[in-house]
Every structure is written in structure tokens, then in C-alpha cells.
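Here's the structure, in C-alpha cells; my notes come after.
There are 2 protein chains.
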Amino acid sequence: MNKISIYDVAKLANVSQSTVSRVLNNYPYIKPETKQKVLNAIKELGFSPNEIARGLANNKTNTIGLIIENISNSFYSETAHIILREARKYNYEVIIIDSESDKENFKKSIDSLMAKRVDGIIVASTRMTNDIIVNLIDKNFPIITYNRRIYKDGYNSHVVLDNFLGANMAIEHLVKLNHKRIAYISGPLRYSTFYDRLQGFLSSINTYNLEVDEEIMYMDKLEYKKVYDFAKKLMNSNNPPTAYFSSTDNMALAVMEAAVSEGLKIPEDISVIGCDDIDISGNSFIQLTTIAQQKEKMATLTIEKLMKKISDKSNEEKVDIVIKPQLKLRKTTAEARKEVT
Amino acid sequence: MNKISIYDVAKLANVSQSTVSRVLNNYPYIKPETKQKVLNAIKELGFSPNEIARGLANNKTNTIGLIIENISNSFYSETAHIILREARKYNYEVIIIDSESDKENFKKSIDSLMAKRVDGIIVASTRMTNDIIVNLIDKNFPIITYNRRIYKDGYNSHVVLDNFLGANMAIEHLVKLNHKRIAYISGPLRYSTFYDRLQGFLSSINTYNLEVDEEIMYMDKLEYKKVYDFAKKLMNSNNPPTAYFSSTDNMALAVMEAAVSEGLKIPEDISVIGCDDIDISGNSFIQLTTIAQQKEKMATLTIEKLMKKISDKSNEEKVDIVIKPQLKLRKTTAEARKEVT
DNA sequence: TTGTATGCGTTATCAC
DNA sequence: GTGATAACGCATACAA
């Protein structure tokens with residue numbers, strides 16, 4: 265391919281190879297005319313520096329890794345879009361890895377990223393306990409957890425939503441609409457997002473003197489079909505919930521589809537509230553009321569903090585950013601039906 | 265960070281550094297016991313090879329680039345998911361770049377990818393004429409165009425949908441439902457997807473003896489709001505179309521939203537058919553009839569062909585894969601209303 | 001202000 | 001089978 269190296273440029277410009285390197289790196293003390301000669305030679309040869317070699321010499325690759333669960337999931341793809349854009353501002357490229365949040369996969373993902381010597385890593389798919397991340401933080405490797413966090417004293421390195429508060433807001437909204445029997449849909453508790461939301465849910469249930477019924481709580485793998493089936497089952501039960509709080513918008517869609525298939529009207533018959541506020545939730549045909557993440561703000565902050573860690577290796581400052589969620593009122597929640605008593 | 269190199273391993277195992285390299289690369293003729301010694305040392309030190317150095321020595325990075333327009337767009341994110349997964353099977357990582365398909369951006373994207381010495385590139389956001397790609401193909405650099413193609417004799421290197429046929433299928437479907445006035449929504453003609461679909465549209469219009477009316481054709485930048493407004497305008501015109509063929513599902517959603525806002529029922533009042541079959545299109549609240557891409561097949565083939573090009577540099581075989589689309593019947597199309605004549 | 005020499009961590013080409 | 005040693009393309013400490 266591009267077989268021209270810094271040496272070719274040097275020869276053509278009649279200077280040494282190090283001089284070329286210097287102009288490449290904007291070294292200040294170069295005679296303007298030799299700088300010009302070099303620049304000309306570079307242009308004439310169409311030379312562009314080999315970032316790999318540069319990385320080897322520098323110990324810096326100008327690329328970061330982004331580990332997410334599944335890029336085809338709107339929440340992640342919308343986030344990735346912002347991260348890509350922000351990283352680019354710092355002249356960084358990003359390697360994205362879908363890692364399904366499976367433990368073995370996660371390790372492999374980190375390994376390949378480390379082998380490729382990325383300058384930093386953003387992970388959006390960790391469990392609450394994750395020794396690999398702990399280990400990396402110990403080594404002072406630039407790594408920030410996005411959306412989810414690990415829980416370990418002294419290991420703060422995350423930008424996340426205030427998920428406890430988010431759940432509070434959702435339940436409060438529902439309670440004000442007179443809902444008393446609220447189904448809870450979330451993923452496994454080993455993820456901080458779901459763990460925190462559950463705590464928030466429970467605390468709200470408590471403050472409003474509602475009853476906790478595990479029968480109407482789903483806390484398993486977030487597979488569309490499973491949640492769909494679960495919701496259908498609830499809708500057919502003796503004492504069906506009047507409202508559903510779903511930990512992700514995507515799963516709220518599953519609940520909504522279940523309702524359709526059961527001939528239930530939303531929000532007349534049941535209310536549904538989600539979490540995330542993915543793009544499609546605002547669509548006229550969906551109109552999902554939801555607890556919105558501030559993706560733009562979160563992603564931007566994540567990159568900013570990561571870049572700071574990268575550029576200033578000695579900086580061991582913790583990153584502990586918790587963003588306030590927002591209730592986005594749309595059309596899937598309404599006053600609870602009066603029960604026939 | 266990981267300061268241990270192949271030399272440290274060599275020292276510990278009491279062999280030369282080249283021997284270590286050999287076991288790393290599975291060189292066949294090594295005495296089993298020395299191999300074992302080396303393996304032990306590697307494990308003991310927790311050594312993992314530096315891919316950057318390896319890349320420099322090898323001229324091979326085991327990473328490819330993927331240039332798309334916007335990863336937050338479902339069509340691309342769903343594609344990216346498959347590509348990531350397939351690339352991983354070949355032990356490849358992928359750098360994703362959102363490049364908004366702007367010309368200057370595109371050049372920059374290619375430049376950074378080349379500077380990072382990726383082994384190959386998949387681009388899903390090219391115009392029909394693109395000298396940069398031509399140039400790369402000339403140099404026999406592994407590059408494949410996905411979804412869109414460039415048109416230049418002898419420069420076949422793409423896997424795309426048969427968009428001409430796709431448009432035919434859409435119009436045929438609509439015509440069978442007795443629609444005669446069909447609006448056409450697509451992006452700019454400098455993209456092969458839209459160009460080909462337009463040709464297919466026109467040919468169908470012709471074979472069914474319908475009238476071409478530029479007033480009901482949109483062929484501009486695919487911005488949600490613009491398409492939404494365009495559709496609203498048409499719906500309020502004297503002679504409104506009874507059906508809409510949209511070149512992307514996403515824009516079909518815009519049309520559908522416009523219909524809602526105008527109090528029009530789908531499919532009773534107007535029919536809408538899309539292109540792509542993104543995940544959300546199958547949702548009960550959307551149920552969009554569409555011309556489906558076979559993303560799984562297309563993405564898998566793309567990686568396969570790209571890997572072949574990478575591993576066999578001398579192979580100058582063209583790749584010219586055109587996939588048949590499928591009509592996915594859902595609920596947004598129906599018999600045209602009888603006009604009051 | 002510029003050139004020389006060395007190193008970054010591998011692979012590859014020679015020898016032995 | 002294995003060990004020196006020279007690339008790979010650049011950055012940089014040290015000289016000049």
C-alpha cells in the first residue's frame with residue numbers, strides 16, 4: 265500500500281528523518297524554510313504517517329474501546345452515536361464491541377482491547393461486581409463505566425443516571441394517577457441499573473403504602489418474548505396490575521404489544537411507563553411515557569472525563585457522576601380504572 | 265501498564281526471544297518441552313502480546329473499518345450488530361465511524377482508517393461516484409461497499425439489495441390494491457439505493473400506465489421533519505396520493521405520523537409501504553408493510569468477502585452481490601378508497 | 001536549529 | 001530446533 269515513510273520524505277526534502285518527525289509533531293524550533301521544504305515533500309509524496317508505528321513509539325494509539333451489550337438496541341446505538349461524535353472531536357477513533365454482557369465475553373473483549381493498546385475504555389455493560397474493571401482501575405488505566413456502575417468502595421469511575429430517583433419518579437407519577445397495583449419489569453439485579461431501580465421502586469411502594477407482590481415483578485433476562493409472555497400472563501390473572509413500570513423502553517414496548525394482543529387499550533385499560541426515552545418512544549404510534557436518560561449529557565461527560573484521564577495519567581481523580589432523570593409525559597399513562605368493588 | 269514483553273518471557277523461560285515469538289505464532293518445529301517452558305512463563309507473567317508492535321512488524325492490524333452514516337439509525341445499527349459479530353469470528357475488531365455521508369467527512373474517515381492501517385474497510389455510506397473508493401480499489405486495497413454501490417465500469421465491489429426490483433415489488437403490490445396515485449419518498453439520487461429505486465419506480469409506473477407526477481415525489485435529504493412536512497402538504501392538496509412508497513422505513517414512519525396528525529387512518533385512508541424492514545416496523549403499533557432487506561445475509565456475505573480479500577491479497581476477484589428483496593406484508597397497505605367520480 | 005543513534009515490541013531472515 | 005540480528009515506521013535523548 266502506502267509504502268512511503270518518513271525517510272522518503274526526509275530524502276526528498278534533504279533533511280534528516282528526525283526533522284520530518286519534528287514538523288509532523290509541530291515541534292517549535294524549526295527554521296521556517298526547512299519546515300516548508302518538509303511540508304512540500306510531504307504533499308508531493310502524499311505521505312501520511314503510520315499511526316501504528318507512531319503508537320508503538322508513543323505508547324498511545326488515539327483509539328478508545330466501547331463495550332456495549334448490543335449495538336442494535338436503540339439505547340446503545342443512540343449513545344454510541346454521541347460517543348463517536350464526541351471522540352472524534354478529540355481526534356479519537358473508537359472500536360466498538362458488542363459483548364452481550366456475558367462474563368466470558370466481557371473478559372475477551374477487554375483482552376482484545378488491551379492487546380490493541382487502546383488508550384481508554386468505556387464500558388456500558390458491566391455487572392455490579394466486576395474484578396476486571398477493578399483491576400484496571402487499580403492499574404490506573406483510563407476506564408469509565410457508562411450507564412451502569414460497579415459497586416466497590418473507592419472505585420468510583422462512572423457516569424450514570426440516578427436510577428433510584430428515576431424509579432421514584434415513575435411510581436410517584438403512577439400513584440398520583442391512582443394506581444395501586446403496579447407491575448415491575450426489569451433485568452437481573454446483578455446490573456446496577458436494575459438493582460438501583462428496584463430499590464427505588466421498593467422505597468416508593470413503601471412510602472405510598474402499597475403492597476409488594478412478587479407475582480407481578482419480573483427481574484430476569486430482558487428478552488422481548490419473555491417479557492411479552494409475562495405481561496400477557498399478568499393481564500389474564502385474577503388480580504391484574506393496572507399499571508406497568510418497565511426498566512427499559514424496549515420492554516415497555518413488549519408490554520404494550522401484549523396489551524394489544526389481549527385487546528386492552530392503553531392508557532384506558534392499563535398504564536405503561538418506561539425508562540430510557542429512546543427515539544421511537546416519541547413516535548405518534550407509540551407515545552410512551554418514560555423516565556428519560558440524558559444521553560447527550562451523559563455521553564459527552566463520559567468522553568470528557570475519559571479524555572482527561574488519558575491525557576493526564578497521574579490524575580487519579582474519581583469520576584462519580586450521577587445525572588438526574590426526567591419524567592417525559594406522553595400518552596401511555598392515565599388515571600386508573602375504578603375497580604368494581 | 266503491561267510492561268512485560270516477549271523478552272521478559274524469554275528470560276524467564278531461558279530461551280531466546282525468537283523462540284517465544286515462535287510459540288506465539290504456533291510455529292510447528294519446536295521441541296515440546298521448550299514450548300511448555302515458554303507457555304508456563306507466559307502464564308506466570310500474565311504476558312499478552314502487543315498487537316501494535318505485531319501490526320508494525322506484520323503490516324496487519326486485525327481490525328477493519330466500518331463507515332456508516334449514522335449509527336443511531338436502526339438500519340445501520342442492526343447491520344453493525346451483525347458485522348461486529350461476524351468480524352469477531354475471524355478475530356477482527358472493528359472501528360466504526362459515523363460519517364454523515366458528507367464528502368469532506370468521508371475523506372477524513374477514510375484517511376484516519378488508512379492511517380490506523382486497518383486491514384480492510386466496509387463502507388455503507390457512499391455516493392454513486394466516489395473517487396476515493398475507486399482509488400482504493402485501484403490499489404487493490406480490500407474495500408467493500410455495503411447497501412450502496414458506486415457505478416463505474418470494472419469497479420464492482422459491493423453487496424447490495426436489488427433496489428430496482430424492490431421498487432417494482434412495492435409498486436406492483438400497491439397497484440394490485442388499486443392505487444393509481446402513488447407518492448414517492450426517497451433520498452438524493454446521488455446514492456445508488458435511491459437512484460435504483462427511482463428507476464424501478466419509474467419502470468413500474470410505466471408498465472402499469474400510471475402517471476408520473478413530480479409534485480408527489482420527494483427526493484431530497486432524508487430528514488424526518490422535512491419528509492413529515494412534505495407528506496402533510498400532500499395530504500392537504502387537491503389531488504392527494506392514495507399511497508406512499510418510502511425508500512426507508514424510517515421515513516415511512518414520518519409519513520405515518522403525518523397521517524395521524526391529519527386525522528387520516530392507515531390503511532383505510534392511505535396506504536404506506538417502506539423499505540428496509542427495521543426491527544420496529546414489526547411492532548404491533550407500527551405494523552409497517554415493507555420491502556425487506558436481508559440484513560443478516562448481506563452483512564455476513566460482506567464480511568466473508570472482505571476477509572477473503574484480506575487474506576488473499578493477490579485475489580482481485582470482483583464482488584458483485586445483489587440480493588433479492590422480500591415483500592413483507594403487514595398492516596399499512598389496503599385496497600384504495602373508491603374515488604367519488 | 002538539526003542530525004545521529006537508540007528504542008518501542010514484534011516478526012522474519014539468516015545462520016548454527 | 002534455536003538464537004542473533006535486522007527490519008517495521010516513528011519519536012526522542014543526546015550531540016553538535
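Quick note, the sequences are listed as chains S and L, same order. Counting the first sequence from 1 gives a position; the numbering used here is that position plus 264. Counting the second sequence from 1 gives a position; the numbering used here is that position plus 264. Each residue gets a CB set at the ideal place from its N, CA and C atoms; glycine is no exception. All values derive from a computational prediction rather than experimental measurement.
Between the alpha carbons of S/Lys561 and S/Tyr410 lies a distance of about 12 Å.
Assignment of L/Lys573 by DSSP, reduced to helix, strand and coil, places it in the helix class. Contact check for S/Val524 against S/Val536 fails: the beta carbons are separated by 8 Å or more. Residue contact with chain L for S/Ala344: present (Cβ-Cβ distance below 8 Å to some residue of chain L). Residue environment analysis places L/Leu552 among the buried positions, since at least 16 neighbouring C-beta atoms fall within 10 angstroms of its C-beta. Per DSSP, the beta-bridge partners of L/His422 are L/Thr409, L/Asp584. Close to L/Gly319, with beta-carbon spacing below 8 Å, are these residues of chain S in chain order: Ile316. For the region 502-526 of chain L, the beta-carbon criterion of a distance under 8 Å to any beta-carbon of chain S is satisfied by Leu517, Met520, Glu521, Val524, Ser525. Comparing C-alpha distances from L/Asn427 to each of L/Thr283, L/Lys324, L/Glu568, L/Gln558 shows the shortest one belongs to L/Gln558.
Shown here, L/Tyr448 sits in a strand according to DSSP, grouped into three states. Among the residues of chain L, none has a CB under 7 Å from the CB of S/Lys529; the nearest is roughly 12 Å distant. With a beta-carbon spacing of about 13 Å, L/Thr327 and L/Ile347 fall beyond the 8 Å limit used to define contacts.
Inter-residue distance for S/Ile567 and L/Met499 is about 44 Å (C-alpha atoms, whole angstroms). The region 394-405 of chain S makes no contact with the region 460-474 of chain S: fewer than 3 CB pairs, one atom from each, lie closer than 8 Å. The region 278-288 of chain L makes no contact with the region 569-588 of chain S, as fewer than three CB pairs between them are under 8 Å. According to DSSP, L/Phe370 shares a beta bridge with no other residue.
DSSP places S/Gly538 inside the beta strand (DSSP E), whose first and last residues are 535-540. DSSP lists S/Gly329, S/Ile407 as the beta-bridge partner residues of S/Ile385.
Interface annotation, S/Arg413: not in contact with chain L, CB-CB separation never under 8 Å. In the three-state reduction of the DSSP assignment, L/Met392 falls in the coil class. Contact between the region 439-454 of chain L and the region 412-420 of chain L is absent: fewer than 3 CB-CB pairs across the two stretches fall below 8 Å. Look at the region 482-553 of chain L and you find these whole runs of alpha helix (DSSP H), each 4 residues long or longer: 488-499, 513-525. Counting only residues of its own chain and dropping the five nearest sequence neighbours on each side, L/Leu565 has a CB closer than 7 Å to the CB of Val423, Ile585. Distance from the CA of S/Glu308 to the CA of S/Leu276, rounded to the nearest whole angstrom, comes to 9 Å. Using a CB distance cut-off of 8 Å, L/Ile407 does not count as an interface residue toward chain S. As DSSP reads the structure, S/Leu591 sits in a beta bridge with S/Ile555. For L/Ile567, the three-state secondary structure derived from DSSP is helix.
The beta-carbon of S/Val358 is placed less than 8 Å from the nearest beta-carbon of chain L.
Listed along chain L, no residue sits closer than 7 Å to S/Phe339 by beta-carbon distance, the nearest being about 10 Å off. Beta-carbon to beta-carbon, S/Pro589 and S/Ile555 are separated by about 5 Å, close enough to satisfy the 8 Å threshold. Close partners of L/Thr390 in chain S (Cβ separation under 9 Å) are lacking, with about 18 Å as the shortest Cβ gap. Interface flag for L/Lys569 against chain S is unset, since no Cβ pair is found closer than 8 Å. When the alpha-carbon of L/Val583 is set against those of L/Ala431, L/Lys595, L/Lys569, the nearest one is in L/Lys569.
Straight-line spacing of the CA atoms in S/Ala598 and S/Ala431 works out to 18 Å.
Between S/Asn427 and chain L, the shortest Cβ-Cβ separation is not below 8 Å. Residue range 357-362 is occupied by the beta strand (DSSP E) that includes L/Ile359, with no alpha helix (DSSP H) assigned at that position.
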